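Trainee:
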Amino acid sequence: MTSNNSLSKKPSTSRASPPLGTTNDPLPSGTRWPSTLPHPPHPQRNPKPHSYPLHLPLLPSSLRPPCRAKDRLILWKPYTQRTFRDLRGRPIEVSDNDLTRIQLVTSNAYADSTLQSYATGLLIFHVFCDQRKLPEVQRAPASSNLISLWLANIAGTYSGSAIKNFLYGVRAWHIIHGISWEMNDAEIDTILKAAFRLTPDSSKRKKRMPYTVTFMEMLLEDLKLDNPFDAAVAACLTTTFYSGARLGEFTVPKLSDFHQAKHVTPFHVRADQDRNGFKVTVFRIPRTKSAPLDGEDVFWAKQNGTTDPEALLQNHFRVNAPSQHQHLFAYHSNETTRSTHKPLTKRRFLERIAAAAKAKGLDPLQGHGIRIGSTLEYLLRGMPFEAVKATFRWKSDAFLVYLRKHAEIMAPYMQPELHHQFIQYTLPPVR
Numbered sequence: 018m019t020s021n022n023s024l025s026k027k028p029s030t031s032r033a034s035p036p037l038g039t040t041n042d043p044l045p046s047g048t049r050w051p052s053t054l055p056h057p058p059h060p061q062r063n064p065k066p067h068s069y070p071l072h073l074p075l076l077p078s079s080l081r082p083p084c085r086a087k088d089r090l091i092l093w094k095p096y097t098q099r100t101f102r103d104l105r106g107r108p109i110e111v112s113d114n115d116l117t118r119i120q121l122v123t124s125n126a127y128a129d130s131t132l133q134s135y136a137t138g139l140l141i142f143h144v145f146c147d148q149r150k151l152p153e154v155q156r157a158p159a160s161s162n163l164i165s166l167w168l169a170n171i172a173g174t175y176s177g178s179a180i181k182n183f184l185y186g187v188r189a190w191h192i193i194h195g196i197s198w199e200m201n202d203a204e205i206d207t208i209l210k211a212a213f214r215l216t217p218d219s220s221k222r223k224k225r226m227p228y229t230v231t232f233m234e235m236l237l238e239d240l241k242l243d244n245p246f247d248a249a250v251a252a253c254l255t256t257t258f259y260s261g262a263r264l265g266e267f268t269v270p271k272l273s274d275f276h277q278a279k280h281v282t283p284f285h286v287r288a289d290q291d292r293n294g295f296k297v298t299v300f301r302i303p304r305t306k307s308a309p310l311d312g313e314d315v316f317w318a319k320q321n322g323t324t325d326p327e328a329l330l331q332n333h334f335r336v337n338a339p340s341q342h343q344h345l346f347a348y349h350s351n352e353t354t355r356s357t358h359k360p361l362t363k364r365r366f367l368e369r370i371a372a373a374a375k376a377k378g379l380d381p382l383q384g385h386g387i388r389i390g391s392t393l394e395y396l397l398r399g400m401p402f403e404a405v406k407a408t409f410r411w412k413s414d415a416f417l418v419y420l421r422k423h424a425e426i427m428a429p430y431m432q433p434e435l436h437h438q439f440i441q442y443t444l445p446p447v448r
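Our numbering puts the first residue of the sequence shown at 18, with every later residue one more than the last.
1. Starting from Glu368, trace the beta strand (DSSP E) in both directions and tell me its first and last residue.
2. In angstroms with no decimal places, state the Cα-to-Cα distance between Arg287 and Asp202.
3. Let me know the secondary structure DSSP gives Gln120 once reduced to three states.
4. Residues in the same chain with beta-carbon distance under 6 Å from His333, minus the five sequence neighbours each way, listed in chain order, please.
5. Taking Pro60 as the reference, which of Glu234, Arg81, Gly294, Leu76 has the closest Cα?
6. Anyone know if the C-beta pair for Pro270 and Ala128 falls short of 8 Å?
7. In this structure, how does DSSP classify Thr207 when only helix, strand and coil are distinguished?
8. By how many angstroms is the C-alpha of Asp274 removed from the C-alpha of Tyr348?
9. Report the option in Ile180, Ile171, Arg292, Phe295 whose CA atom is closest to the CA atom of Tyr135.
10. From this set, Ala169, Ser176, Leu184, Pro158, which residue's C-alpha is nearest Glu199's C-alpha?
11. Assuming contact is defined by CB atoms lying nearer than 8 Å, are Gln155 and Leu163 in contact in what I supplied?
12. Buried or exposed: where does His276 fall if 16 or more other Cβ atoms within 10 Å of its Cβ makes it buried?
13. What does the Cβ neighbour count give for Pro108, buried or exposed, with the cut at 16 atoms within 10 Å?
14. What residues in its chain sit with their C-beta under 7 Å from that of Cys84, if we drop five residues either side in the sequence?
15. Within 10 angstroms of its Cβ, does Gln343 collect 16 or more other Cβ (buried), or is it exposed?
16. Starting from the Cα of Glu234, find the closest Cα among Ala374, Thr362, Asp147, Leu121 and give me that residue.
17. What are the boundary residues of the beta strand (DSSP E) that Lys469 is part of?
18. Per DSSP, what kind of secondary structure is Trp190 in: helix, strand or coil?
19. Can you tell me which of the three DSSP states Lys406 falls into?
20. Could you tell me the distance, in whole angstroms, from the CA atom of Leu393 to the CA atom of Asp147?
21. Have a look at the DSSP bridge pairing and note the partners of Val154.
22. Cα separation between Thr305 and Arg105?
23. Please classify Thr282 as buried or exposed, where buried requires at least 16 neighbouring CB atoms within 10 angstroms.
24. With three or more C-beta pairs closer than 8 Å as the rule, is the region 261-269 touching the region 356-370?
25. DSSP three-state call for Ser449: helix, strand or coil?
26. Secondary structure at Tyr96, three-state DSSP: helix, strand or coil?
27. What beta strand (DSSP E) runs, 3 residues minimum, are completely inside the region 264-334?
28. Give the straight-line distance between the Cα atoms of Glu403 and Asn114, rounded to the nearest whole angstrom.
29. Can you name the start and end residues of the alpha helix (DSSP H) that Thr216 belongs to?
30. Could you check how far apart the C-beta atoms of Ile205 and Leu236 are, in whole angstroms? I think they sit under 8 Å.
31. Residues in the same chain with beta-carbon distance under 6 Å from His191, minus the five sequence neighbours each way, listed in chain order, please.
32. Would you kindly report the start and end of the unbroken alpha helix (DSSP H) that includes Ser165?
33. Kindly indicate which three-state DSSP category Arg89 falls into: helix, strand or coil?
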């Protein structure tokens, strides 16, 4: 006999709870995941016989295939692979594609230039391990004792800043491959402090002298502005200087590295002005080291004299006429049977600047000296400290170190009460 309760009971309209980790809810319209990522890097099929420096003999290993430096942190595999388990220790099933995707996504936290720089540290680490005949299982996760032993052996051979990069390179390799990193911050700080103190004189960088307007005027005297290459160099030099940009933001590392989604093109240049009618030319840099996703704007205003960036940029456009989607400072090259445009590489730029300096009896300056010189130039013009820091995108007060070395910058701030209003406006607030 059927009970009345069962006869009167209404059918349930609730859905059964889905198994943990799944859902019946549809994805929002248009949503597709996983999203498409760039193709993963591949080992080189025909590597050069001397892919690595001769003083760093790396033993062959299937875990470390020959590849481009910037791909090394991804393609060089640790012997110990990451394991996927939940909080109760139960295994989580993942595929090789899943692993590759995690590594690619994680590596995107680092700029290409950072990956390339870190690759040297990973190479030196494995060369050291090869020399000590350390088994692969001891290299990752690397114990704090092994890292300390490695750093103690290379301290005094390289500069402190180089050793810092080496260490962070090995740490990034651990992070990308999901291997635990054993060293704590106190250990890292202590050994790096020692490495800086033990920097050999041969590895100490000479003082980076700043570019000045006078120095650039003399360089420009040696550049032939009707020559395609020289026209590009002159425009790049003055645009980089008066915008306070990094040289690498207006040049490319290698000819094959140019990509219009990463590097500035004529399409990224626009004219602008404020409500007072002051005009500036703005350059949208699609990707920078500090803003790899959104990019940043830099800009300059027309200047007096032969270093006027506006006149030199227009001259470059007239001589070279790069298209909207070519490198901003691409120049005509007749090295082949037909004329082509080449993006301006940092190496070629610096070589031409050095040649111009020597031709005028000047000592060549380093590329970073352009940004330092720009900072000093605008400070000397009385631009407020905080405005310089914000405009030229100094993330810290590192640029203040230059003030101690240039008395003429501080001279106005050391004058009598006559300059009180000027000092109040330009000197950063006391914190």
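Glycine included, every Cβ here is placed at the ideal spot set by N, Cα and C.
Keep in mind that this is a model prediction, so the values were computed, not measured.
Mentor: Considering the structure as presented:
1. Indexing the sequence shown from 1 puts residue 368 at position 351. Under the DSSP assignment, Glu368 falls outside any beta strand (DSSP E), being part of the alpha helix (DSSP H) whose first and last residues are 363-376.
2. For the purposes of this step, residue 287 is taken as residue 270 along the sequence shown, with counting starting at 1. For the purposes of this step, residue 202 is taken as residue 185 along the sequence shown, with counting starting at 1. Straight-line Cα distance between these residues: approximately 45 Å.
3. Here residue 120 is taken as the residue at index 103 of the sequence shown, counted from 1. Note: Gln120 maps to helix in three-state DSSP.
4. Within the sequence shown, residue 333 is the residue found at index 316, counting from 1. In the same chain as His333, and ignoring 5 residues on each side of it, the C-beta atoms closer than 6 Å to its own belong to Ala248, Ala249, Ala252, in chain order.
5. Position 43 of the sequence shown holds residue 60. With distances taken between Cα atoms, Pro60 lies closest to Arg81.
6. Against the sequence shown, residue 270 aligns to sequence position 253. Against the sequence shown, residue 128 aligns to sequence position 111. At the C-beta level, Pro270 and Ala128 stay beyond 8 Å of one another.
7. Within the sequence shown, numbered from 1, the residue matching residue 207 stands at position 190. Secondary structure of Thr207 (DSSP, three-state): helix.
8. Within the sequence shown, numbered from 1, the residue matching residue 348 stands at position 331. Within the sequence shown, numbered from 1, the residue matching residue 274 stands at position 257. Our two residues, Tyr348 and Asp274, have alpha carbons roughly 16 Å apart in a direct line.
9. Here residue 135 refers to the residue found at position 118 of the sequence shown. For Tyr135, the nearest C-alpha among the options comes from Ile180.
10. Start at 1 with the first residue of the sequence shown, and residue 199 comes out as number 182. It is Pro158 whose Cα lies nearest to the Cα of Glu199.
11. Taking the sequence shown and counting its residues from 1, the one referred to as residue 155 is at position 138. Taking the sequence shown and counting its residues from 1, the one referred to as residue 163 is at position 146. In this structure, Gln155 lies near Leu163, with their beta-carbon atoms less than 8 Å apart.
12. As a first step, residue 276 is located in the sequence shown; it is residue number 259 there, counting from the start. The residue in question, His276, is exposed, as its Cβ has fewer than 16 Cβ neighbours within 10 Å.
13. For the purposes of this step, residue 108 is identified with residue 91 of the sequence shown, where counting begins at 1. Pro108 counts as exposed, since fewer than 16 other beta carbons sit within 10 angstroms of its beta carbon.
14. On the sequence shown, residue 84 is found 67 positions in, with the first residue counted as 1. Within the same chain, Cys84 has close Cβ partners Pro58, Pro60, Gln61, Leu92.
15. By one-based count along the sequence shown, residue 343 stands at place 326. With 16 or more other Cβ atoms within 10 Å, it is buried.
16. Along the sequence shown, read from residue 1 onward, the residue named residue 234 stands at position 217. When C-alpha distances from Glu234 are compared across Ala374, Thr362, Asp147, Leu121, the shortest belongs to Ala374.
17. Here the chain comprises residues numbered 18 to 448, so residue 469 is not present and cannot be evaluated.
18. In the sequence shown, counting from the first residue as 1, residue 190 sits at position 173. If DSSP states are grouped into helix, strand and coil, Trp190 belongs with the helices.
19. Translated into positions along the sequence shown, residue 406 becomes position 389. Note: Lys406 maps to helix in three-state DSSP.
20. If you number the sequence shown from 1, residue 393 lands on position 376. If you number the sequence shown from 1, residue 147 lands on position 130. Cα to Cα, Leu393 sits roughly 47 Å from Asp147.
21. As a first step, residue 154 is located in the sequence shown; it is residue number 137 there, counting from the start. Bridge partners of Val154: none, in fact.
22. The count along the sequence shown starts at 1 and reaches residue 305 at position 288. The count along the sequence shown starts at 1 and reaches residue 105 at position 88. C-alpha separation (whole angstroms): 42 Å.
23. To locate residue 282, count along the sequence shown from 1; it is residue 265. A residue is called buried once 16 or more other Cβ atoms fall within 10 Å of its Cβ, and Thr282 is buried on that count.
24. Between the region 356-370 and the region 261-269 there are three or more inter-stretch CB-CB distances shorter than 8 Å, so the stretches are counted as touching.
25. In this structure the chain extends from 18 to 448, so residue 449 is not present and cannot be described.
26. The count along the sequence shown starts at 1 and reaches residue 96 at position 79. Under the three-state reduction of DSSP, Tyr96 is assigned to coil, being neither helix nor strand.
27. Listed in chain order, they are 286-290, 296-302, 313-317.
28. Within the sequence shown, the letter at position 386 stands for residue 403. Within the sequence shown, the letter at position 97 stands for residue 114. Near 48 Å, if we compare the C-alpha coordinates of Asn114 and Glu403.
29. Residue numbering aside, residue 216 sits at position 199 when the sequence shown is read from its first letter. Counting along the chain, Thr216 falls outside any alpha helix (DSSP H), and DSSP gives it neither H nor E.
30. Your numbering for residue 205 matches position 188 in the sequence shown. Your numbering for residue 236 matches position 219 in the sequence shown. About 42 Å; that fails the 8 Å criterion.
31. Position 174 of the sequence shown, counting from 1, holds the residue named residue 191. Excluding residues within five positions, the ones whose Cβ falls inside 6 Å are Trp198.
32. By 1-based counting over the sequence shown, the position of residue 165 is 148. Here the alpha helix (DSSP H) through Ser165 covers 161-171.
33. By one-based count along the sequence shown, residue 89 stands at place 72. Three-state DSSP puts Arg89 in a helix.
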